[in-house]
Every structure is written in C-alpha cells, then in structure tokens.
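Enquirer: Chains A and B, in that order, give the protein sequences.
With the numbering used here, the residue at position 62 of the first sequence is 153, and numbering never jumps.
With the numbering used here, the residue at position 41 of the second sequence is 221, and numbering never jumps.
Encoded as structure tokens, here's the structure I'll be asking about.
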Amino acid sequence: MLKVLVGGQAGQGVKFAGKVLSQIFSKLGYYVFQENDYPSLITGGHNFALLTIDKKRVNTSHHKNVDFVIALNDETYKLHKAKYYIGEGSKGFKVPLGELASKVGAPQKYKASVAIGALCYFLGIDCSILKVVFRGKKEKELNTKLANEGYSFASSNFKPVMRLKKLPKPKEMLSGNEAIAIGAVKAGLDVYIAYPMTPSTSILHFMAKYSATKDKVLTVQPENEIAVINMALGSAYAGKKTMIGTSGGGFALMTEALSLAGMAEIPLVIVEAQRAGPSTGVPTYTAQADLDFVWGAGHGDFPKIVLAPANTDQALKRTAEALSLAWKFQVPVIILSDKHLSESYMTTDLNTKVEKVKVKFSKGNMRYKITKDGVSPYVIPGIKGNVVKVNSYEHDEYGLTTEDPKEIKAMQDKRLRKVMSIKKEIKKLKPYLVFGNKKSKKVIITWGSTLGAVLDSGVDAKIIQVLYLRPFPDISKELKGARRIVCVEANATGQLAGLIRRELGVEVKKVLKYDSRPFDPLDLEKRLEMELK
Amino acid sequence: MNLETKAKITWCPGCGNFGILNSLKMAVGDLVKEGKARVEDFVLVAGIGCHGKIVDYVNLNSFVSLHGRAVPTATGIKLANPKLKVIAFAGDGDAYDEGISHLIHAAKRNTDITLIVHDNSVFALTTGQFTATSPKGFKSKSSPKGSIEKPLDPLRVLLSAGATFVARGYVGRGDHLKTLIKEAVKHKGFSVVDVLQPCVAFNNTYSYYSQRVYELKNHNEQSVDEAYKKLSEWNGRIPIGIFYRKEQKTFEEELFKVNKP
Numbered sequence: 092m093l094k095v096l097v098g099g100q101a102g103q104g105v106k107f108a109g110k111v112l113s114q115i116f117s118k119l120g121y122y123v124f125q126e127n128d129y130p131s132l133i134t135g136g137h138n139f140a141l142l143t144i145d146k147k148r149v150n151t152s153h154h155k156n157v158d159f160v161i162a163l164n165d166e167t168y169k170l171h172k173a174k175y176y177i178g179e180g181s182k183g184f185k186v187p188l189g190e191l192a193s194k195v196g197a198p199q200k201y202k203a204s205v206a207i208g209a210l211c212y213f214l215g216i217d218c219s220i221l222k223v224v225f226r227g228k229k230e231k232e233l234n235t236k237l238a239n240e241g242y243s244f245a246s247s248n249f250k251p252v253m254r255l256k257k258l259p260k261p262k263e264m265l266s267g268n269e270a271i272a273i274g275a276v277k278a279g280l281d282v283y284i285a286y287p288m289t290p291s292t293s294i295l296h297f298m299a300k301y302s303a304t305k306d307k308v309l310t311v312q313p314e315n316e317i318a319v320i321n322m323a324l325g326s327a328y329a330g331k332k333t334m335i336g337t338s339g340g341g342f343a344l345m346t347e348a349l350s351l352a353g354m355a356e357i358p359l360v361i362v363e364a365q366r367a368g369p370s371t372g373v374p375t376y377t378a379q380a381d382l383d384f385v386w387g388a389g390h391g392d393f394p395k396i397v398l399a400p401a402n403t404d405q406a407l408k409r410t411a412e413a414l415s416l417a418w419k420f421q422v423p424v425i426i427l428s429d430k431h432l433s434e435s436y437m438t439t440d441l442n443t444k445v446e447k448v449k450v451k452f453s454k455g456n457m458r459y460k461i462t463k464d465g466v467s468p469y470v471i472p473g474i475k476g477n478v479v480k481v482n483s484y485e486h487d488e489y490g491l492t493t494e495d496p497k498e499i500k501a502m503q504d505k506r507l508r509k510v511m512s513i514k515k516e517i518k519k520l521k522p523y524l525v526f527g528n529k530k531s532k533k534v535i536i537t538w539g540s541t542l543g544a545v546l547d548s549g550v551d552a553k554i555i556q557v558l559y560l561r562p563f564p565d566i567s568k569e570l571k572g573a574r575r576i577v578c579v580e581a582n583a584t585g586q587l588a589g590l591i592r593r594e595l596g597v598e599v600k601k602v603l604k605y606d607s608r609p610f611d612p613l614d615l616e617k618r619l620e621m622e623l624k
Numbered sequence: 181m182n183l184e185t186k187a188k189i190t191w192c193p194g195c196g197n198f199g200i201l202n203s204l205k206m207a208v209g210d211l212v213k214e215g216k217a218r219v220e221d222f223v224l225v226a227g228i229g230c231h232g233k234i235v236d237y238v239n240l241n242s243f244v245s246l247h248g249r250a251v252p253t254a255t256g257i258k259l260a261n262p263k264l265k266v267i268a269f270a271g272d273g274d275a276y277d278e279g280i281s282h283l284i285h286a287a288k289r290n291t292d293i294t295l296i297v298h299d300n301s302v303f304a305l306t307t308g309q310f311t312a313t314s315p316k317g318f319k320s321k322s323s324p325k326g327s328i329e330k331p332l333d334p335l336r337v338l339l340s341a342g343a344t345f346v347a348r349g350y351v352g353r354g355d356h357l358k359t360l361i362k363e364a365v366k367h368k369g370f371s372v373v374d375v376l377q378p379c380v381a382f383n384n385t386y387s388y389y390s391q392r393v394y395e396l397k398n399h400n401e402q403s404v405d406e407a408y409k410k411l412s413e414w415n416g417r418i419p420i421g422i423f424y425r426k427e428q429k430t431f432e433e434e435l436f437k438v439n440k441p
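Printed below as a string of structure tokens:
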C-alpha cells in the first residue's frame, strides 16, 4: 500500500494534482481511493488530497504512515508527517517547483504539475505517462511541459525511491456524485433539478455539463429547494423521470413536498448527501447523522424508500435501482450519500450493467384506482381521453378531494399496501450485504461510506452493510448465534443502532465518530478489537 | 363543452370564486372551439385555500399542489411537456405571502405559464386573517386592532421582476375576465391575472369594487411606464384590463437551447 498526500492552499491545484495522480495510478492498474479535505472557503486555508494506492481494492483512505507528501506551501510540512517530502522546503527532496514553473513561463499556481512529474520519477514511473494524463487543449501542453521539468530536475539531482510496477489491467475512477449521476443517466433519467449545496453540488455540475453536450437530461437550477422539489413533482406528474439533489438543510426545506409525493403518489428520486450537522454544521466535511431525519421525514403515513450506497460501484448500480423502484411503486426514493462518498474518487467498475427504466403509461381518468398491490395505473396529461387529477388533499380514485371516512381509509390502505409490495421487491435486490468472515460470531453492522473503513480495518468478523434502510431488511438470521454485535457509524448517537433496536428489538454496541472526519481503518481496528473482545 | 365533475361545490353562496370558475370554463371552451388549444392539453394547478377547490370543479387535468407552491409545480409540468397549457391558481395569501419568491422567479424567467390570483385580500379558509394585500388598518382575527402593515402591490412587483403579461380582472365583470384569461393563456411567456374578488364571509368588497372598477381603454400595453402609471391608480377609480403585454423569449425556449434537444 502506498499513500501520497498533496497539500497546499485552496487555489494551488491540490484537488487537481490529486486527480491527475489518481489517473496515473489507475492507468498503471492500481486501485486508488482519493479523499479531498478542504475547508469552506475559495482561496487560502489548507487543502489536501490523500491518495491510498494498492494492488488490491482500497475501500477508504488510510491516514497513517503517509509515504509521500507533496508540499505546495510551508504549512503542509508542519501539518503532515511522511517518510518523504517533495517541495520547496528544506525537508526531504528539495525541488524548486516555483522556479521550474517560471522557467516554462507558467504562473505559480501551476507548481503542482511540476511536483506531479517529480513524484513520478521518485516512484520509478516512466515519464511517458505524463503525456496522457492531462486534459484540455492548451492546458494539456503546458502541464505536460511542467511535469517533465519536475521529472528531469528530480532525475538529475536524486535517485528514485522505488519502482512502481505497471499492472496488467488499467482502472477507472469516479467520485460518488459522478457515480450517482451516471447511474441515473444510464437508467434513463429525463430531468435533474437542484439548488447548490455541498456536498451534493457536483451532481448538478455533472448534469449541467452533460445536458449541454449530450442529449436527453434536462438540468434546471431554481430559486430554492422548495421550488426544486415542487418543480420535480410537476415534471414527474407530466411523465418525466426526475431526480433532485441536496444536503441535510436543503432536504429539510423539501419535507413538506416529500409528503406530497407520498400523498399524490408521484415517483421521485432524492439524493441527500450528508455533511456534518446540525444546522449549517461543517459544510465540507462528512457525517452520517441524517438517517433518523430522512427515515422519518414527511408528515403523515406514506410509503417511501431509503437506501445508502457505500461506494461508487454501489452508487452507480443502486441509483439506477432507485429510479426503477420510484416508478414501479410511484413513491419517493431517497439515496443517502455522505461527503466521504460523494466527493471522494475511487476505483469504479464502469462496466456495471444498468437497466433502462421502462415506464408504462395507462389511459383514462382513474389515477388512483384501488388495486390489490396498491399501485394504480400511471396516466399523464396531454393524451386524448385522459383526465389526470392528482391531489395533495385526500382524494377518491379520480383524484377529487374527499372527506368521506370510508374513502379516506380505503385510499390510505391502498397507499400503504405498497409497503408490502416494496418489501417483496427489495428482498430480491440484496437489501443488505455480508462481507468478511461469514462464520464469525463477532458481527459488525454498518452503513454508507463507513463500510470502507470497516472492510479495510481487517478485523476478523462478519460484516453486514445495511443498504436499504427503509423498508428495513430483516437481518435477524445473520445475527443468530452472534456473541458480539457492534454498530459502526459516523454520528454521535448511533442512529442505525437505534433503528436496529426499533425494527428488530436487538440491542447492539456502538462505535461512533462525529468529529466530521471519516473513520481511519487503523484507529477503527483498535476500537473494534476492544469492543469485540 | 361540458366541463363539470361530480364534485359538490362547497364555496359559500355568493363567493367570488364562482365568477372565476365561470369565466375559466368559458375561456377554455372558447380556446378549444377556436382551435387555440386541445382540451387534453390543459393542466390546472392549484395551491391551498378556498381558491384551490376550483380544479375539482372542472373536468380537466389538474394538480392540487401545496400552499404557496402552485407556480413551481406548474413550471415543472411545463418544462416536462412544453405542449401543455398550464394555468396555476392561487389565493392572495398563497401567492403573495407564502409563495412570493416563486412568482418573482417565474416572472424573471418568463416561464410560459399563466397565474390567476383569486385576490380577496384575506385568508378565508383559515377563517379570516390579514394577507399581503389587505389594506392597512384591516381588522381581522389576527389583527383585531387593524393591520399595521401596508399592502403589497403585487402587479408592480411582478412587472419589475419581468412578467411579460400583467392584467387585473374583477369577478363582477365575467365577460371581461373571460377575455383576460383567454389572452393570458394565449400569451407566450409568464402571464399573471390578479382577480379582484370579494369574500362574502370575511371581506365583502362587492360594492367597494363595483363602484370603482373601470375597464382600461386606449391604453398602451407595450409601455412599462404606462403600466406603472395605471397600476398606481387605486384610490378613487380602479382600472382593470391588460396593463402590460410584450412577447419575449420564454424560459422553455432558452432552456431547450442550452439543453440540447
């Protein structure tokens, strides 16, 4: 395992350098996990990108024993410990990044590209790779030149540290948000609507760029989150597969209309990328503290689905699944992500098969026909013979407002029958996954991106990832005979542990982290070993 | 054209909403007859309040949305299927209190929808409280000593925000209101019709409006300045009609230009 950290001020190209390096390691066939740590500001402050690189799958970032630190400013030397440093300071390999950039006529903000070249030399990577990793017409030429400067400076002054072998199969990387976006697009998304909010915003960026260059996905940024969800409901009413994205605060604004989606039975996928709360909280850092809120969001009784992918492979596949479920059962589906998943880049299988969501539209005027499985025919406006009335008030089969107790109960029963239908369907979709030593009597339960640290902790235990959180899957058979059960999650109260108690009547121990930084596998290993003893 | 539904009308006898309902039905009938729209393409969107019941009484596609949110819902329907004729209904409390931010943005975007505001200057379904258009001193259950706030002039606000069709009607002039609704629906862009409407239970303004309302004649609809001038006329005589009308690129046209079709 190799760990490389790029540190510097915001605006010095920290994340950029991280991405280029990730590309290099991916092209060489390595698994990579890139965590981007940055405060909530645009210029200045301290940013770093931490890359964990290995021959076998890396599921999260490993913060201890960093091998290389690329220091783009002095502060980076002080803040990060490493075996080797590359930069303009006196520690480690002194490479005059700024001078070399000036030599090529590039401004100082291009220093990072020089360092990329130097690092490649120290890792024994052939410099030919530098020609293929930079993007953009003008930028590509300049950056390649800069990297070559760094490479040749290092080669004429130092010896390489190692020889990183090229592995047979190159890999691909995506961020969690990119995976969510691609999954949705592949499944046939028609419309994406969002108001910017970290850490969900890069979905909006992806979609805006995609819709400007490719066809089919309409991307809209309205005035606020309330408009976002109400527009989305209008769009889905008219027959378009629609998704929206936000974080906790924005989701809070949407909850009245979430209940409308339940009442009016309008399919909608909502991405809620969690950041550390409560309130504005710590906007650019991570947490899993919105589970209780999202699980119970919306006034009144209505069916909804909540799921939490752990990595980009799952995000891609399960977002498509979410869209399919939304339309199959005409319910809101919430994808719970978190900053550590949404904004980290990780090795992803881009060949993951995703089925296009097919929607059958019916004819007539009984939008809320009472049916056995609770699902009524979907009719859309604009078709001759159709009169489609949907209603936030309780309504009859035609969508007309009712206050008749018999009709009210019949319609409530119809909607809630969908919960049984959804449970049946979700059972087929692997609503939870089991990893690790499947025979172990020590059981770890986790959800979302925290799975990565649990897997990488290497603890000898049975590991259960609860992927579908509502309806809650029956994991009790996996817990039979367990001597120790520990729930690992990134919040202060143990929200999944609480859900397990409520749903299954099982009391579990908790290992929690709520300093807004993701779990480190080594730290977690120690804590788990204590709890599982 | 029979647009009736089986729903029983539950408005108070003499309610101003009946006037809007009748004018709407006539306008839709005319537009279909004249070949300007297909009946299946109409979508009525409502907020919450007495006004919202209107969609239950018309056998057309409809979406009863949330209080204050008829406009974003209507915008979503229109962008999903630009062929639809989307008419949003809202009360003054719904539109100008709860939902005002959406109106400003819809006007700014020039979203191709029509907004009809049932403006009776009072929250009626919640049994009588002051709204954004209640006059200063308006006595209600939530302002027993009289409202301390000056009213908002919504049409001036929306004109400033970029609305391309600004009109005011009165339920006491049914034929005139029908024409306004027809013109608003035919208008390409964001059209708003503020309809002066008495509330027989909590703010009966029949005689007040009947004495003052007059129809605009020889008014230059293309001039923003003229529109502002006429809109500021309120005490004494109250003009109704189309204050401003100008065709401009709609939100949907711009959207489909940047989002490649």
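For every residue, glycine included, the Cβ atom is placed at its ideal position computed from N, Cα and C.
Every value quoted in this text rests on a predicted model; they were computed, and no experiment measured them.
Taking the continuous alpha helix (DSSP H) assigned at Leu-360 of chain B, which residues delimit it?
Expert: From DSSP, the alpha helix (DSSP H) with Leu-360 of chain B extends over 354-366.
Enquirer: Considering Cα atoms alone, identify which of B:His-282, B:Ala-226 and B:Gly-421 is closest to Leu-360 of chain B.
Expert: Leu-360 of chain B has its Cα closest to that of B:Gly-421, out of B:His-282, B:Ala-226 and B:Gly-421.
Enquirer: For chain A, find out if any of its Cβ atoms is closer than 7 angstroms to the Cβ of Thr-253 of chain B; answer yes or no.
Expert: Answer yes: the Cβ-Cβ gap between Thr-253 of chain B and chain A drops below 7 angstroms somewhere.
Enquirer: Compare the C-alpha of Lys-480 of chain A against each of A:Tyr-122, A:Lys-519, A:Gly-325 and A:Pro-612 and name the closest.
Expert: Closest option to Lys-480 of chain A, Cα to Cα, is A:Gly-325.
Enquirer: What are the partner residues of Ala-270 of chain B, as DSSP defines its beta bridges?
Expert: Its beta-bridge partners are B:Val-297.
Enquirer: Relative to chain A, which residues along the segment 237-267 of chain B have a C-beta separation below 7 angstroms, given in chain order?
Expert: Correct list: Asn-239, Leu-240, Asn-241, Ser-242, Phe-243, Val-244, Ser-245, Leu-246, Arg-249, Pro-252, Thr-253, Ala-254, Thr-255, Gly-256, Ile-257, Leu-259, Ala-260, Asn-261, Lys-263 and Leu-264.
Enquirer: Tell me which residues share the same chain as Arg-592 of chain A and place their Cβ nearer than 7 angstroms to its Cβ, disregarding the 5 neighbours each side in the sequence.
Expert: Counting only Cβ-Cβ distances below 7 angstroms, and skipping sequence neighbours, we find Glu-598.
Enquirer: Could you tell me the alpha carbon to alpha carbon distance between Lys-505 of chain A and Phe-420 of chain A, rounded to whole angstroms?
Expert: C-alpha separation (whole angstroms): 12 angstroms.
Enquirer: Any idea if His-171 of chain A is buried or exposed, counting beta-carbon neighbours within 10 angstroms, 16 or more meaning buried?
Expert: By the neighbour-count rule (16 or more Cβ atoms within 10 Å), His-171 of chain A is buried.
Enquirer: Does the segment 270-283 of chain A come within contact of the segment 229-243 of chain A, defined as at least 3 CB pairs closer than 8 angstroms?
Expert: Output reads no: the segment 229-243 of chain A does not touch the segment 270-283 of chain A.
Enquirer: Sorted by chain position, which residues of the same chain lie with C-beta nearer than 6 angstroms to Phe-342 of chain A's C-beta, five sequence neighbours on each side aside?
Expert: So the qualifying residues of the chain are Glu-363.
Enquirer: What do you get for Met-298 of chain A, buried or exposed, if any count of 16 or more other CB atoms within 10 angstroms of its CB means buried?
Expert: The residue is buried, with at least 16 neighbouring Cβ atoms inside 10 Å.
Enquirer: Going along chain A, which residues have a C-beta under 8 angstroms from His-285 of chain B?
Expert: In chain order: Pro-313, Glu-314 and Ala-318.
Enquirer: If I'm right that Asn-402 of chain A touches Met-345 of chain A with Cβ under 8 angstroms, what's the distance once you round it to whole angstroms?
Expert: Between Met-345 of chain A and Asn-402 of chain A the Cβ distance is about 26 angstroms, and since that is not below 8 angstroms, they are no contact.
Enquirer: Assuming Ala-343 of chain B and Ala-254 of chain B form a contact by the criterion Cβ under 8 angstroms, report the distance between their Cβ atoms to the nearest whole angstrom.
Expert: So it is not a contact: roughly 14 angstroms between Cβ atoms.
Enquirer: In or out: Ile-133 of chain A buried (at least 16 other Cβ within 10 Å) or exposed?
Expert: It is exposed - the Cβ of Ile-133 of chain A has fewer than 16 other Cβ atoms within 10 Å.
Enquirer: Let's see if you can read the secondary structure: which residues bound the alpha helix (DSSP H) around Pro-290 of chain A?
Expert: Run containing Pro-290 of chain A: none; DSSP gives neither H nor E here.
Enquirer: Quick check on Tyr-328 of chain A: buried or exposed, where buried means 16 or more other Cβ atoms within 10 Å of its Cβ?
Expert: Burial call: buried.
Enquirer: Can you give, in chain order, each stretch of the beta strand (DSSP E) that sits fully within the segment 531-606 of chain A and has at least 3 residues?
Expert: Runs of the beta strand (DSSP E) inside the segment 531-606 of chain A: 533-537, 553-557, 559-561, 575-580 and 600-603.
Enquirer: Name the residue from A:Asn-268, A:Ser-293, A:Tyr-283 and A:Val-360 whose alpha carbon lies nearest to the alpha carbon of Asn-439 of chain B.
Expert: Among A:Asn-268, A:Ser-293, A:Tyr-283 and A:Val-360, the Cα nearest to that of Asn-439 of chain B is on A:Tyr-283.
Enquirer: Once the 5 residues before and after Ser-607 of chain A are set aside, which same chain residues still bring their CB inside 7 angstroms of it?
Expert: Cβ neighbours of Ser-607 of chain A beyond the five flanking positions: Ala-367, Val-373, Tyr-376, Thr-377 and Ala-378.
Enquirer: Give the straight-line distance between the Cα atoms of Thr-462 of chain A and Leu-587 of chain A, rounded to the nearest whole angstrom.
Expert: Spanning the two alpha carbons is a distance of roughly 34 angstroms.
Enquirer: Based on the DSSP output, what are the partners of Gly-349 of chain B in its beta bridges?
Expert: Gly-349 of chain B is bridged to B:Val-375.
Enquirer: Are the beta-carbon atoms of Phe-370 of chain B and Thr-307 of chain B separated by less than 7 angstroms?
Expert: No; because the gap between Cβ atoms is not below 7 angstroms, this pair is not in contact.
Enquirer: Cβ closer than 8 angstroms: which chain B residues qualify as neighbours of Leu-491 of chain A?
Expert: By Cβ distance, chain B contributes Thr-185, Lys-186, Ala-187 and Asp-236.
Enquirer: For the alpha helix (DSSP H) holding Tyr-168 of chain A, just list the boundary residues, first then last.
Expert: Looking at the DSSP string, the run of the alpha helix (DSSP H) that includes Tyr-168 of chain A is 165-170.
Enquirer: Exposed or buried, what is Gly-279 of chain B when buried is set at 16 or more other beta-carbons lying within 10 Å of its beta-carbon?
Expert: That one is buried.
Enquirer: Among the residues of its own chain, which have a CB less than 6 angstroms from the CB of His-367 of chain B, if the five just before and after it don't count?
Expert: Taken in chain order, the residues that qualify are Phe-345.
Enquirer: Based on the DSSP output, what are the partners of His-137 of chain A in its beta bridges?
Expert: DSSP lists no partner for His-137 of chain A.
Enquirer: Does the beta-carbon distance from Ile-510 of chain B to Val-337 of chain B come in below 7 angstroms?
Expert: What is shown of chain B runs 181 to 441, which leaves residue 510 of chain B out entirely.
Enquirer: With DSSP collapsed to three states, give me the class of Val-481 of chain A.
Expert: Val-481 of chain A: strand per DSSP, three-state reduction.
Enquirer: Quick one: measure Cβ to Cβ for Leu-335 of chain B and Thr-313 of chain B, integer angstroms, because I've assumed they're closer than 8 angstroms.
Expert: Leu-335 of chain B to Thr-313 of chain B, Cβ: 10 angstroms. No contact.
Enquirer: Quick one: does Pro-54 of chain A have its CB under 7 angstroms from some CB of chain B?
Expert: Lying outside 92 to 624, the shown extent of chain A, residue 54 of chain A is not represented and no answer is given.
Enquirer: Give me, in chain order, the residues of the same chain whose beta-carbon lies closer than 6 angstroms to that of Leu-507 of chain A; leave out the 5 immediate sequence neighbours on both sides.
Expert: The answer is none, since no qualifying residue turns up.
Enquirer: Report yes if the CB atom of Val-319 of chain A is closer than 7 angstroms to the CB atom of Tyr-286 of chain A, and no otherwise.
Expert: Yes, the Cβ-Cβ distance between Val-319 of chain A and Tyr-286 of chain A is below 7 angstroms.
Enquirer: Return the first residue and the last residue of the alpha helix (DSSP H) that Leu-276 of chain B is part of.
Expert: The residue you asked about is not Leu; residue 276 of chain B is Tyr in the sequence shown. Counting along the chain, Tyr-276 of chain B falls outside any alpha helix (DSSP H), and DSSP gives it neither H nor E.
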